[in-house]
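Student: One structure, as structure tokens, below. Some questions next.
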Amino acid sequence: SEIAVNFYIEDGSAENPTYQLYVVFQPNRTITDDGLELIKKEIEPDTIKEATVGDYKGFEGLVVGPKARYQTLIIKEGKPLSFSTWPPTEENKAITDQILSTVSFDK
1 SEIAVNFYIE
11 DGSAENPTYQ
21 LYVVFQPNRT
31 ITDDGLELIK
41 KEIEPDTIKE
51 ATVGDYKGFE
61 GLVVGPKARY
71 QTLIIKEGKP
81 LSFSTWPPTE
91 ENKAITDQIL
101 STVSFDK
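Under full-length UniProt numbering, read the sequence shown as residues 1 to 107, first letter to last.
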């Protein structure tokens, strides 16, 4: 069975949030480099950049389509950990970047 640990932070009203950071960790799913490449196909190629959260590396970019959002994906001990920002505005991305710069993990 698929288990995910998630939480979110939001600002604005429940009906009309102005900012949302949604975090998903999938502890039972192992991700490979091929899996990362599949995920990257959903992201606007011009926006893909390397990203680091805590000591873990991954990438970030703008996911396009009906569920448009900024996404940062890192691999923590072989498991995917994603941080999604909605609505995908530059201002909201800056807020998320500030939050992610404070993240650290116990080893």
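Backbone N, C-alpha and C define an ideal beta-carbon position, used for all residues, glycine too.
These figures come from a predicted structure and were not determined experimentally.
Can the beta-carbon of Lys79 be found closer than 7 Å to that of Thr85?
Tutor: Their beta carbons are not under 7 Å apart, which means Lys79 does not touch Thr85 by this criterion.
Student: Whose CA, out of Ala51, Lys49, Ile31 and Tyr22, lies closest to the CA of Ala68?
Tutor: Nearest C-alpha to Ala68: Tyr22.
Student: Any idea what DSSP makes of Thr30, helix, strand or coil?
Tutor: Three-state result, Thr30: coil.
Student: Per the DSSP calculation, Gln98 is bridged to which residue(s)?
Tutor: DSSP, once it has assigned bridges, lists no residue as partnering Gln98.
Student: Just to confirm before moving on: does the CB-CB distance between Leu81 and Phe25 stay below 7 Å?
Tutor: In this structure, Phe25 lies closer than 7 Å to Leu81 by Cβ.
Student: For Gly61 versus Thr52, is the C-beta spacing smaller than 7 Å?
Tutor: No, Cβ-Cβ distance for Gly61 and Thr52 is not below 7 Å.
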